[in-house]
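This report refers to the structure that appears directly beneath it.
There are 2 protein chains.
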Amino acid sequence: MIPIRIRERINLLRIDPAQFLVVGFIALILIGATLLNLPIASENGKSIGFVDALFTSASAVCVTGLIVVSTPTHWSLFGEIVILILIQVGGLGIMTMATLVSILIGKKITLKERLIMQEELNQFSLAGLVKLTKYVIISTFTIEGIGAILLSSRFIPRYGVVKGIWFSIFHAISAFCNAGFDLTGNSMVPFAEDVIVNLTIVSLVIIGGLGYTVYIDITKNRSFKKFSLHTKLVLVITAVLLVLGFIVILITEYNNPETLGKLSFKGKILASLFHSMTPRTAGFNTVDTGSLTISAAFLTMIFMFIGGSPASTAGGVKTTTVGAIFLAVFAVIKGKDDVETYNRRLPHSMIFRALAVVGIGMFLIVFVTMILSITEKASFLDILFETISAFGTVGLSRGLTPNLSTIGRLLITVTMFAGRVGPLTIAFAIAKKQRKNKGTYRFPEERIIVG
Amino acid sequence: MIPIRIRERINLLRIDPAQFLVVGFIALILIGATLLNLPIASENGKSIGFVDALFTSASAVCVTGLIVVSTPTHWSLFGEIVILILIQVGGLGIMTMATLVSILIGKKITLKERLIMQEELNQFSLAGLVKLTKYVIISTFTIEGIGAILLSSRFIPRYGVVKGIWFSIFHAISAFCNAGFDLTGNSMVPFAEDVIVNLTIVSLVIIGGLGYTVYIDITKNRSFKKFSLHTKLVLVITAVLLVLGFIVILITEYNNPETLGKLSFKGKILASLFHSMTPRTAGFNTVDTGSLTISAAFLTMIFMFIGGSPASTAGGVKTTTVGAIFLAVFAVIKGKDDVETYNRRLPHSMIFRALAVVGIGMFLIVFVTMILSITEKASFLDILFETISAFGTVGLSRGLTPNLSTIGRLLITVTMFAGRVGPLTIAFAIAKKQRKNKGTYRFPEERIIVG
Ligand SMILES: [K+]
Ligand SMILES: [K+]
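From first to last, the protein sequence lines stand for chains A and B.
Residue numbering for the first sequence follows the numbering used here, starting at 133 and increasing by one per position.
Residue numbering for the second sequence follows the numbering used here, starting at 133 and increasing by one per position.
Written as structure tokens, this is what we have:
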């Protein structure tokens, strides 16, 4: 009877989880914007203006990393610290909030689904959530700490002790939170050939993008066969995308003089790995994103749309969402009614949910791209790239961000927000009041011809 | 017991409908390519070469309309007649074949679905099919005839009696079959301000793209309320897309000096209507496609992907496919398990089929675009536009077609074919032997987190 009790408590508190998440995020972004709008936040002691403060705050809270001004050049130390705190709260908060909301929203769908979900993950009592949140916070700081120590071995010799430590902490947090903000002014380009920096950043980003349910499962079960279906899918899809991206980028960019062409063979391998990882959804780069060939840029856009895994610091529609759709398509081709994988069956409601996430996401990207095509002077590729990067909270750009018009800045701000909160969450938050309790009456079935 | 008997007969004949359709199309394209490769097919009396003959034949049979050479300039009268016959056979054949295959493939999915489908459309005995095919052929020639007479009222005064009649017949067939081939050398641009030509072409294209099941339903029932759910969805979605396209194109192109800007107000209205219709999937144009603004070009690409309605001469993933997905997304947002519309419920299997069509289509477009990005020298917008135009059998181009490399020509040929036959049909044709009869055992259900 615990689930019913939780529901009652939530009803008593009058919290709608979708609306709570949306409002919470807006509040955090506005606080950040107010702080960054202060004159002391800027290096030159003058206020940046509210639109750019809002853009930067939204980019940090939504762990996107798109920037209208260079982080080290424009912002004072105070400004940089505000940005780092926004990243950490946005990243951590989303992880813990995502935990909360995925449970609470999941519940709203059907009582049955809710019960199954709680049964499976078997820690979703209110007490369990507190414990879980502690686990998330401790593991985050541990991983970020290890990352910072590894980075400091390269940053201290280069930047000196104080700056080196500050850079190590900033970039470790920015990487684990999949934020993509940097203090070098040129992302990780200066370290394109550096094995330790490359592998540390890549590991932090990937771990941050797997999601806490996956760590718990791996720590507990330690054998692929024993993992939950969710963990299996996350690991397999993540690995497949990394390998696929690595191969495509190595091939398409190998002779591009603006990107891999100018690196050593070791650098080519490292940069291919880095740029296979970064669209999902780190936002760092070691070669110039605007110089990527069309095919590599197109693959990057698709990877940015897919993003990382649920309940993690990564954005995008998520690996499992795309995986569920892929499995459903495969089932149709094989003529099966059940969507099956690893000797398990995915419920239809899950495929529908995945379809809604992808469908709303695409609709949003098309809408924003069409408006930006009117307001901005740039190529279709650059505009679409920018929009998907914002939606996926990636932060890669082909150079459009600093040149965006005011309308463009506001539109990208909204897109980052929508991408981070999740299009479905926003839809739930808005559609809430229309949702009715289901009656027992069902309309008669009628078929149409499709395809 | 009729359905079982049909199945037996088909099994006796060892026809697999998906494979039959694929092989039939390939045979027709190869016959066309052989004829067009003859020296007498070219105006200059020299063979065009097999790759271009194949491209043109595939473009005609698949009623696409992409051309590597100008139809009136390059081809002799013999060549033009071959092209027209290929268009008519391709268009008609697809209509009748689509009838056959949608029934036969539909059957393969489940016995229950098959029975429901046959029950609903209640004419799918072998005798009924013959009758239906007759109906399709007669109605096609009637509509094309009326179209040709209307066009001749403008073409005879301009081109003289013989050429005027030939032009009227050619363009009426090309329009009704959604082929988009023209003999003016500049599509319908010379008639951008001509009300009769505009409305005749627009009507022919729209009627051709509705599909025979819709005509039958309209002729029989004559009242929206009595129409089948399929007819209702086709009519509503077609109307919504036409109005939406009209408004967006009128707004985005109004002041573009290369497109609407140079037309009178009447011309602007006509051209907006025309270019709202043509991406779905006529392929004619009255203003230069390559000069469209990015937003109008993006909308055009989306409309090309959607295309017309099932069992028609139009291409794309089809209106009802997109409609089914839209309704499914809407159901998720409203928190409903059933996908409902017009007091009817769409079966889950139908949504999954729609998802497969769109998913495979997108995958194909991404794959082809990435390869073309390597083999061709052109912008991302132009390459993506060309690929979607080929997949949707539209025939609009931003100028890339005549400049395609040999690999590019072959790849676009394959894409036109895949788009016309339908990605799912090809998948069925290949996956066939792997499909098993369903057992009674089902895997246990397990949930994952998506989105
Ligand atoms: K990011
Ligand atoms: K066409």
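Note that CB positions come from ideal geometry on N, CA and C, so glycine has one too.
Element boundaries [beta strand (DSSP E), containing residue i]
i	result
residue 476(B)	476-478
residue 472(B)	471-473
CB contact check: residue i to chain B, cutoff 8 Å
i	result
residue 472(A)	yes
residue 400(A)	no
residue 287(A)	no
residue 513(A)	yes
residue 522(A)	no
residue 466(A)	yes
residue 316(A)	no
residue 354(A)	no
residue 506(A)	yes
residue 443(A)	yes
residue 326(A)	no
residue 224(A)	no
residue 518(A)	no
residue 276(A)	no
residue 552(A)	no
Any non-hydrogen atom of ligand 1 within 7 Å of residue i CB
i	result
residue 414(A)	yes
residue 525(A)	yes
residue 310(A)	yes
residue 490(A)	no
Contact under 8 Å by Cβ, residue i with residue j
i	j	result
residue 515(A)	residue 501(A)	yes
residue 446(A)	residue 310(A)	yes
residue 374(A)	residue 408(A)	yes
residue 477(A)	residue 575(B)	yes
residue 304(A)	residue 324(A)	no
residue 513(B)	residue 512(A)	yes
residue 287(B)	residue 296(B)	yes
residue 405(B)	residue 334(B)	yes
residue 422(B)	residue 530(B)	yes
residue 106(B)	residue 510(B)	Lying outside 133 to 583, the shown extent of chain B, residue 106(B) is not represented and no answer is given.
residue 465(B)	residue 154(B)	no
Short CB-CB distance (under 8 Å) between residue i and chain A
i	result
residue 378(B)	no
residue 255(B)	Its pLDDT being 43, under 50, residue 255(B) is placed unreliably by the model, and nothing is read from it.
residue 575(B)	yes
residue 436(B)	no
residue 561(B)	no
residue 303(B)	no
residue 541(B)	no
residue 349(B)	no
residue 361(B)	yes
residue 530(B)	no
residue 365(B)	yes
residue 591(B)	An answer regarding residue 591(B) cannot be provided, because it is not within the stretch 133 to 583 covered by chain B.
residue 461(B)	yes
Boundaries (first-last residue) of the alpha helix (DSSP H) holding residue i
i	result
residue 556(B)	555-563
residue 460(A)	451-465
residue 311(A)	Element bounds for residue 311(A): n/a, residue is neither H nor E.
residue 330(A)	327-340
residue 344(A)	344-353
residue 433(A)	426-438
residue 398(B)	397-409
residue 587(A)	With chain A represented from 133 up to 583, any question about residue 587(A) goes unanswered, as that position is not in the structure.
residue 518(B)	512-523
Proximity test, residue i beta-carbon vs ligand 2 heavy atom, cut-off 7 Å
i	result
residue 554(B)	no
residue 195(B)	yes
9 Å Cβ cut-off: residues of chain D touching residue i
i	result
residue 498(A)	Absent from the structure is chain D; the protein chains it does hold are A and B.
Selection of the region 402-427 of chain B by Cβ proximity to chain A, strictly under 8 Å: 425, 426, 427
The region 173-184 of chain A: positions lying closer than 9 Å to chain B by Cβ: none
Contact residues within the region 445-457 of chain A, judged by C-beta distance below 7 Å to chain B: 449, 450, 452, 453, 456, 457
Contact residues within the region 204-220 of chain B, judged by C-beta distance below 7 Å to chain A: none
Interface positions of the region 475-487 of chain B facing chain A (Cβ-Cβ less than 9 Å), listed along the chain: 475, 476, 477, 478, 479, 480, 481, 482, 483, 484, 485, 486, 487
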